[in-house]
Structures are given as C-alpha cells and as structure tokens.
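Sequence positions in the sequence shown follow our numbering and run 9 to 311.
Beta carbons are placed, not taken as given, at the ideal position from N, Cα and C, and that holds for glycine.
Quick caveat, the model's predicted, so the values are computed rather than measured.
Structure first, commentary second.
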Amino acid sequence: MPRTRRSVLFSPGDRPEMLRKAPDAGSDVVVFDLEDAVAPGRKAEAREAVNEVLGEIDSSSEILVRVTADEWATDLKRVLAGEARPDGLMLPKVGSAEDVETLAASLDDRNEKTEDEASEQKGAGDGPMSIVALIESARGVLEAPAIAESHPVEALCFGAEDLAADVGTQRTPEGTEVLYAREKVVLAAASAGIDAIDTIFTEIGEPDRLREETEFARGLGYDGKMAIHPAQVSVINQAFTPDSERLEWAERVLDARAAADAEERGVFRVDDEMIDPPLIAQAERIVALASAAADEDRAETGR
C-alpha cells in the first residue's frame, strides 16, 4: 500500500528537541528544515543537529530534509555523513527539471561511493532517496510539468507565499492571486502520477479557516497540505481522510461494479446515480486512500 502524504509538518533544523518530538504530532511526513526555519548564522549547527537526530529516531512518519536552495551540497555533506539517512529530500525553489537532475546526480554519486555500506543505512533496501520539489516561483510554476516528470520526484509542493513575493503580489484570504498556479501544480502532479501538496496556512490560531482552506485544496485535487505547527496536523489529516459517507458510497459503487461485471453490464446505478468508469475510478481512489490513511494512523498510534 503506498504511503499517504496528507500532512507535511516542518520542524526547525537547529532545534534538536523539536526534531525529536515532531513525529509525535501524527503527521504523515515530517520535514527537518535547514532552509527558512534556520537563520543563516545557525546553518552549520542545524546540519549537525539533523545528522544527530536522524541517527536516533525510529518513526512511522516519512522523514524528509529540506535542504537550502544555494547550499544543498554543503547540507548533504554533513546530513548524509552518518549511517542513518532521511527517506527523502525536499528541494526548495525548483525552477526547472535540471535543478532536480543536478541534485539526483549528486545523490547517485554518493550512493555509488557508499555502496558497500548500503545495507547498513536507513532505507537502503527501499532504493534511492526520493525528492520532493517545492514550486514557489513564476519559473517553477511554468516548468511544473517537466519538474513533475523528473526522476526521482515523488511529489510537488506548492509554495504560495514565496510565489506571491516572486511575482510582486500580496496574499489575500481569497487566494485568487495564486489560484492559477495552485491549479497548475495539481495538474502537473496528476499528469505525472505523483502527489501534490498544498501551501502552508500561516494563521496558527485559526483552525476553522485552516479546515476551509484544506477542504478547498482537497477539492482542487491536492493530496495533502504543509503544516507549520503541530496543532495543524489533526485538522489537515481529517480533511484529507475520506469520511464515512464518502467511503460507504465508494464501497457501494465497487460492490455494484462487481455485480455488473458478472452480468457483463458496463454502466449501472447506485443510489439513483448512473455509474461509469470515471466514477468507478473515483470510488477506487477513495477506498485506497481510506485504507492507506488507516494504516498510517495505526502505525502512528502504535509507535
């Protein structure tokens, strides 16, 4: 069963006590952040902390490290120095497929140099580390389809705040100024068959608005949303988990599909609704997502 990425929680890389606690929030993905959350003068300290904590934690959450856009080679030299490694890397400010390919080539070189030790490294049996690409500039939005197709990108994240700064606009509660870009990132990810992760919600003390924002993102086709505080995780997870009504509908559709197949009927009805292949695909996705989310939640509670 593929993992879900409903919630993606950032934790500052220079705060080891927060890095250790971050997986306890229940987020599907935890990002050890070396970029925006760390002041320039504390980058070296943050690299040491991330390397140390990677060797200590045993979490069911997917662990990523967000490297700095212009110093990722220095980040990798220290973060990947030990036997324990993250599940993947988050690359910020991606503007082209070449940005991803350059990082991927560096990872390949490092894997070749440490091939004899691979069996001892975290995640070595799962193949190369994945890359999550942050789309947060005008160029990145326009190049999103090519970026999404780049190997080994497994998800696109949409960064509305940086995009607004890049194009010279201001963020509004309605979000119309970034809607085109938000939709294009979803389409690029869907076309490539990878996950799309929505932008952060900056107002930590507004859970109702967070829920509205998250449900809107889900309606656009996003698979998850980034979080900047542990309190946001449960709201995001709930919004991206099919509720009982949606799940029951999906199960009825799949049951009816099985009966229709036995009778060699291509189209059938469920609850007075005509069901065709697109709705069957939607039902299959709902059931798969509910199952994967339940697996993630069980793993977290049993951790």
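In three-state DSSP terms, what is P20? Note: P20 maps to strand in three-state DSSP.
Alpha-carbon to alpha-carbon, E185 and Q129: A caution first: Q129 carries a pLDDT of 43, below 50, which makes its placement in the model unreliable, though a value can still be read off. Computed Cα separation, rounded: 44 Å.
How many angstroms separate the CA atom of F276 from the CA atom of R28? For F276 and R28, the gap between their C-alpha atoms comes out near 51 Å.
Range of the contiguous beta strand (DSSP E) that encloses G148: No beta strand (DSSP E) contains G148, which is instead part of the alpha helix (DSSP H) from 146-150.
What residues in its chain sit with their C-beta under 7 Å from that of S114, if we drop five residues either side in the sequence? Answer for S114: A81, L84, listed in chain order.
So, is S127 buried or exposed, given that buried needs 16 or more other C-beta atoms within 10 angstroms? For S127, the pLDDT reaches just 45, beneath the cut-off of 50, and the residue's location in the model is therefore unreliable, leaving the point undetermined.
For the stretch 224-232 against the stretch 186-206, do three or more pairs of beta-carbon atoms, one drawn from each stretch, fall closer than 8 Å, so that the two count as touching? These segments touch.
Reduced DSSP category for L42 - H, G, I as helix; E, B as strand; rest coil: DSSP places L42 in coil when its eight states are reduced to three.
Just how far apart, CA to CA, sit E56 and E169? In a straight line, the C-alpha of E56 is about 28 Å away from that of E169.
Short check: CB of G201 to CB of T12, under 9 Å? Against a cut-off of 9 Å, the Cβ pair of T12 and G201 comes out as no contact.
Would you say R260 reaches chain D, if we count a Cβ-Cβ gap shorter than 9 Å as a contact? In the displayed structure, chain D is absent; only one protein chain is listed.
Suppose you measure from the CA of V194 to the CA of D22; what does that come to, to the nearest Å? Rounded to whole angstroms, V194 to D22 spans 32 Å at the Cα level.
When the distance is taken between beta carbons, is G96 closer than 9 Å to V73? Taking 9 Å as the Cβ cut-off, V73 and G96 qualify as a contacting pair.
Are the beta-carbon atoms of V58 and F40 separated by less than 9 Å? Cβ distance < 9 Å, so V58 and F40 count as in contact.
How is L228 classed by DSSP in three states: helix, strand or coil? Taken through DSSP and simplified to helix, strand or coil, L228 comes out as helix.
Where the beta strand (DSSP E) through R277 begins and ends: DSSP places R277 inside the beta strand (DSSP E), whose first and last residues are 276-278.
When the Cβ atoms of the stretch 253-260 are set against those of the stretch 288-296, are three or more pairs found closer than 8 Å? Flag = yes, the stretch 253-260 and the stretch 288-296 touch.
Which complete beta strand (DSSP E) runs does the stretch 149-199 hold, if anything under 3 residues is left out? Complete beta strand (DSSP E) runs here, min 3: 161-166.
Can the beta-carbon of I212 be found less than 9 Å from the beta-carbon of Q240? Yes, these two residues count as a Cβ contact at 9 Å.
Inter-residue spacing [alpha-carbon to alpha-carbon] between G90 and G63: G90 and G63: Cα-Cα distance of roughly 8 Å.
Distance check for A247 and E223, CA to CA, integer angstroms please. Spanning the two alpha carbons is a distance of roughly 6 Å.
Report the rounded CA-to-CA distance for L171 versus R86, giving the unit in angstroms. So the two alpha carbons sit approximately 30 Å from each other.
Quick check on I65: does DSSP put it in helix, strand or coil? Look at I65 here: in three-state DSSP terms it is coil, with no helix or strand label.
Which first and last residues belong to the alpha helix (DSSP H) in which V244 is found? For clarity, residue 244 is Ile in the given sequence; the question names Val instead. 241-247 is the extent of the alpha helix (DSSP H) around I244.
Taking the alpha carbon of V75 as the point to measure from, which residue in R219, V140, D32 has its own alpha carbon closest? Answer by Cα proximity: V140.
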